[in-house]
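In our numbering, the protein residues as written are 455 to 645.
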């Protein structure tokens, strides 16, 4: 896999967060939503892009994808996994031109389990549960966003991250990202 740019990392985080919010709103279970996102992010790392479809899907379809993803992960915990059919996840992957069958996950069991665990561990270690939302620049024509905003739960987290500096460089994974406090421009409300 080619190295990802900072913009690609931020974009992927934004897409994952949108998918998580959608799964959570439909399923109501943070654990099921997190598992579904982790599996789809793992697929996305290898050219299979299914996760970006989730925010626009109908609630019934979102619920089915969540159930399929959680069923796959539950089966992979077994010594001899017998994976259930995954028609909706397969259909999402087919839109990207890749055919995925349940046997794919069984064949790559170790990679799937390690990849999902790495995703879940990495997000919690770096930020904990302090990120409310990530907003990205809206672009046209498939261009990558040039900037984004991370909205933290409290002002204290912002101060902790910046550590008294106006501009700081952090690493997420092996990507360097510059952070500064966002201060909205005053609006002219003279009407």
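Just so you know, even glycine gets a beta-carbon here, dropped at the ideal spot from N, CA and C.
What you are looking at is a predicted structure, and each value in this text was computed from that prediction instead of being measured.
Can you tell me whether DSSP reads residue i as helix, strand or coil?
i	result
residue 536	coil
residue 604	strand
residue 486	helix
residue 622	strand
residue 517	helix
residue 553	coil
residue 642	coil
residue 503	coil
What span of residues does the alpha helix (DSSP H) with residue i cover, start to end?
i	result
residue 611	609-616
residue 637	Looking at the DSSP string, residue 637 is not in any alpha helix (DSSP H), and its letter there is neither H nor E.
Thinking C-beta only, is residue j closer than 8 Å to residue i?
i	j	result
residue 470	residue 493	no
residue 473	residue 508	yes
residue 639	residue 620	no
residue 491	residue 517	no
Where residue i and residue j are concerned, what is the direct C-alpha to C-alpha distance, given to the nearest angstrom?
i	j	result
residue 615	residue 548	41 Å
residue 505	residue 476	11 Å
residue 455	residue 514	The pLDDT assigned to residue 455 is 45, lower than 50, so where the model puts this residue is not dependable, and the model offers no usable value.
residue 623	residue 498	26 Å
residue 642	residue 636	19 Å
residue 650	residue 610	Since the first and last residues shown for the chain are 455 and 645, residue 650 lies out of range.
Can you pull the DSSP bridge partners for residue i?
i	result
residue 632	623
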